[in-house]
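Right, one structure below, let's go through it.
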Amino acid sequence: MARRHRRGVVALLGGLLLTLAAAPLQTTPAVAHAPAAPTTEGTGMVMVLDSSGSMAEKDGSGGTRIAAAGKAVGMVVDALPAGYPTGLRLYGADKPGGCDDTRLAQPVSPLDRAGLKRAVARVRPKGDTPIGLSLEKAAHDLPKPSAGSIGKRTILLISDGEDNCQAPPPCKVAAQLAKSNVDLHVDTIGFQVAGRARQQLECIAKSGNGRYYDAPDAKALARQLQRAGQLSADGYRFQGSKVRGTPTKSNAPGIAPGQYLDSIGPNEKRFYTVALDEASTADFSATVVPQPGAAVGLLDSLHTEIAYGIDSTCTSTTSQFGQHEGGTPLTSGISRIPSEHGTSGCDKSGQYWFVVERKAAKGSDAARWPLEVMFHVEHPLKKGVMPAQSEPEYGAGGKNAPLPTGAPKDITGGTGFNDARTLTQGVWRDKVLPSQTLWYKVPVGWGQQLRYDVEFANEPTLKNGHSASISYGGTEVYTPARVPVGWGTGEFSPHVSYDGRPASLSMGTVPVAWSNRYESGINVAPVHDKGNFYIAVTLGAKASEIAQNPQIGVVLRVAVLGRAKAGPQAGAAVIKGEADGASGSPAGGRQGGSEGWAAGPVVAAVSGGTGVLLLGGLAVAFLRARRKAQRSGGGSDAMRGGSW
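Each residue of the sequence shown is one higher than the one before, starting from 699 at the first, in our numbering.
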């Protein structure tokens, strides 16, 4: 059967060639988050701070290195979400010499900003640099994940030099920790380091499935520490029941409609068996979540397929990273759609397999990645119900569709599909970190289509920032079944180059129609069910080499075009009171509904599908009928929003 590539190199290159000029967006540094939220087991961060003798030296700006580190720690704890479990470990702080000089100065517990600041303020650098031992101890400082869950545990090492103790070797310690804990990673920040010291810190980060941040001065230290801390706290929040896929069909675990958690290594396959009937549509998706900035190749990918029989495939698709600045969440989605005539081998009821394969080039991240699997069943339409015609064209929802204008409203994006923030028609404003992906969802009804623009802010840059580096801004839109439909359309580009100056890109879908499932277009067939469509907005890792501020402003202009119909059937009435481009206030948001760190980044048991639709089989000739979408919307201009 046809193999469909959701993300292509051609689309990437086209997007990266675009640099769009626009009026500036002004931003200010991040502020402290809202009041405390409940804590949960299995997630948290421990900062490991170098307090050895060298940290008493001058930092080049009139102060000492430890004073700069203390100020930077204060800034990062102010920026962390309230309640996020955070601790502090010191080494070299208690005696002039000794390779056992490491202690936990502040236990990992719900964020205590004042306590962390006091602990750093009391440090008087004096000793050696036992990094390896401190990493071992730090792993035990972190909370253990609860059974059947995937959290995110971070060791954040800040050092101005290399380990001067003989054992244990810090790179080997980091590798062992990462290998035995899929949810744990080690990030490092090198403060005014070079040569062997920098090489060792880079090695620790790479071996520990983390990232190295270079801080040549005090300002850079504060900026990089804040980025690293917030990326840890804002990591993807998983949801599902624990399952372990098998490398072959043999003994593959059975899954029912619902959501599941697994992990997958490079160039590994995972098989899951499912029982399907002869008439229902079965939707599957797989999402992998590497550590932000983890090494990935341009063509590294996530491949999914639905298999049956001894060696047959119903359909398959591949999603590629399409960039080499580092790992971001990657989703591949696919559906088993019974054929119009009922003659396909995939129309039969019986046993099938959902197959997930991670493909990685040599030199790509070797760590296992958390894997979230979703299985959703759509039952047939009721007997005698005739579906509306398919709507395979973008029509008025294309590049020239007018979008909302006016002053933007503040919003805080979610960490993934499970806590995506609800948006309605309007102009919205958020902030994004380099290597971060923000998530939103927009309700879209029968006969409606989603259309939006993403604008990345004008930012103050580091010296020579515009010419020295270039990064990218990206976006993708997903159906309610989590199938990506924005790449390779020929209508929209998923990437735009970013160098600190304003840049924007557009994205959208065709109208939602039940009969779209029988269309051949890879970005049309999946748009066959109403519900929440997901928007992901990503900023490339290299933006950290460009912007002075830790975060970069982003504006979303969102329109839902067309009037929602009461159902998928032909002649369905417009929902009473439903206007073209309806608007309202956002609902949902980060779990717990506050800006603090919310409990439950992992829900360990989820059963049932994500929604069951009343669908059904009908006349073939009518299903193939086409109708070009005719949509309208509000006016637009080049207004870029106010200040942050």
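All C-beta atoms in this analysis are idealised placements derived from N, C-alpha and C, irrespective of residue type, glycine included.
Cut-off 6 angstroms between Cβ atoms - residues of its own chain near residue i, not counting five sequence neighbours on either side
i: Gly772; result: Lys815
i: Val1125; result: Pro1102, Gly1104, Pro1106 and Arg1255
i: Gly1095; result: Gln1147, Arg1149, Gly1206, Leu1259 and Arg1329
i: Val1130; result: Leu1136, Leu1237, Ile1250 and Val1252
i: Phe982; result: Ile1032, Phe1052 and Phe1073
i: Val1181; result: Gly1031 and Pro1224
i: Gln804; result: Gly785, Leu786, Gly813, Leu814 and Ala817
i: Glu1217; result: Ser1088, Pro1090 and Ala1223
i: Gln898; result: Glu860
Rounded distance between the beta-carbons of residue j and residue i, thought under 8 angstroms
i: Val818; j: Gly768; result: 4 angstroms
i: His883; j: Ala876; result: 6 angstroms
i: Leu1028; j: Val1071; result: Not really, about 13 angstroms apart at Cβ, beyond 8 angstroms.
i: Thr979; j: Ala950; result: Incorrect: roughly 22 angstroms between the Cβ atoms, too far for contact.
i: Phe1019; j: Asp998; result: 5 angstroms
i: Asp839; j: Leu802; result: 6 angstroms
i: Lys1060; j: His1001; result: At roughly 18 angstroms, the Cβ-Cβ gap does not stay under 8 angstroms, so Lys1060 and His1001 are not in contact.
i: Glu1243; j: Gly1198; result: Wrong, their Cβ atoms sit about 10 angstroms apart, outside the cutoff.
Between the CA atoms of residue j and residue i - distance to the nearest angstrom
i: Val1253; j: Arg1127; result: 5 angstroms
i: Ser1167; j: Trp1144; result: 44 angstroms
i: Gln1147; j: Gln1123; result: 12 angstroms
i: Pro1248; j: Gly943; result: 39 angstroms
i: Ile962; j: Ser1014; result: 18 angstroms
i: Glu1189; j: Val1222; result: 12 angstroms
i: Ala984; j: Arg1119; result: 20 angstroms
i: Tyr911; j: Gln1246; result: 14 angstroms
i: Asn1098; j: Ala1241; result: 29 angstroms
i: Ser1042; j: Pro1036; result: 8 angstroms
i: Arg763; j: Gly790; result: 14 angstroms
i: Gln924; j: Tyr1170; result: 21 angstroms
i: Ala1271; j: Asp885; result: 55 angstroms
i: Pro945; j: Ser1204; result: 39 angstroms
i: Ala1047; j: Val1152; result: The question names Ala, but residue 1047 is Ser in the sequence shown. If you take the alpha carbons of Ser1047 and Val1152, they lie about 43 angstroms apart.
i: Lys967; j: Val1054; result: 6 angstroms
i: Gly795; j: Phe889; result: 21 angstroms
i: Asp799; j: Gly751; result: 12 angstroms
i: Leu716; j: Val1194; result: With a pLDDT of 34 at Leu716, under the threshold of 50, the modelled position of that residue is not reliable, and the figure given next carries that caveat. Near 5 angstroms, if we compare the C-alpha coordinates of Val1194 and Leu716.
i: Ser878; j: Ala903; result: 16 angstroms
i: Ser939; j: Gln957; result: 6 angstroms
i: Ala931; j: Tyr782; result: 7 angstroms
Cβ neighbours of residue i in the same chain (closer than 8 angstroms, five flanking residues each side left out)
i: Asp1063; result: Asn907, Pro964, Pro988, Gln989, Ala992, Ala993, Val994 and Gly1025
i: His1121; result: Here the sequence assigns Leu to residue 1121, which means His is not the residue at that position. Here the set comprises Ile1109, Tyr1138, Lys1139, Val1140, Ile1233, Leu1254, Val1256 and Pro1284.
Residue i - containing alpha helix (DSSP H), residue span
i: Cys869; result: Pro868 to Ser878
i: Ala1211; result: Careful: Ala1211 lies outside any alpha helix (DSSP H) and carries neither H nor E.
i: Lys815; result: Arg811 to Ala819
i: Gly768; result: Arg763 to Ala777
i: Glu834; result: Ile829 to Asp839
i: Gln898; result: Gly893 to Ser905
i: Ala916; result: Ala916 to Ala931
Close beta carbons around residue i, own chain, < 7 angstroms, minus the five adjacent residues each side
i: Lys947; result: Phe969 and Trp1051
i: Pro867; result: Gly830
i: Gly1314; result: Confidence at Gly1314 is low in this model, with a pLDDT of 32, below 50, so the placement of that residue should be treated as unreliable; the coordinate-derived value is given next. Same-chain partners within the cutoff: Pro1078, Leu1079, Lys1080, Lys1081 and Val1083.
i: Gly933; result: Lys850 and Thr1113
i: Leu929; result: Pro990, Leu1131, Ser1133 and Gln1134
i: Arg1215; result: Thr979, Ile1035, Ala1223 and His1226
i: Ala836; result: Val744, Val746, Arg787 and Ile853
i: Arg811; result: Val775 and Asp776
i: Gln1049; result: Thr971 and Ala973
i: Val891; result: Asp858, Gly859 and Leu899
Identity of the residues DSSP links to residue i by a beta bridge
i: Leu959; result: Lys940 and Glu1070
i: Asp1151; result: Ser1204 and Arg1255
i: Met745; result: Leu786 and Leu854
i: Leu996; result: Paired residue(s): none; Leu996 is not in a bridge.
i: Val1347; result: The shown model of the chain, from 699 to 1342, leaves out residue 1347, and the question about it has no answer.
i: Leu1237; result: Gly1171
i: Ile887; result: Ile856 and Tyr911
i: Gly825; result: Ser750
i: His1001; result: Thr1016 and Glu1055
Start-to-end residues for the beta strand (DSSP E) that takes in residue i
i: Glu1055; result: Gly1048 to Lys1057
i: Leu1121; result: Segment: none, Leu1121 is in no beta strand (DSSP E) and carries neither H nor E.
i: Ala913; result: Tyr910 to Ala913
i: Glu1174; result: Ser1169 to Tyr1176
i: Leu1028; result: Leu1028 to Arg1034
i: Leu802; result: Thr800 to Ser807
i: Gln1018; result: Ser1010 to Gln1018
Any non-hydrogen atom of the ligand GDP within 7 angstroms of residue i CB
i: Thr1013; result: Inclusion of the ligand GDP in the displayed structure is not the case, the ligand content being empty and no account of it being possible.
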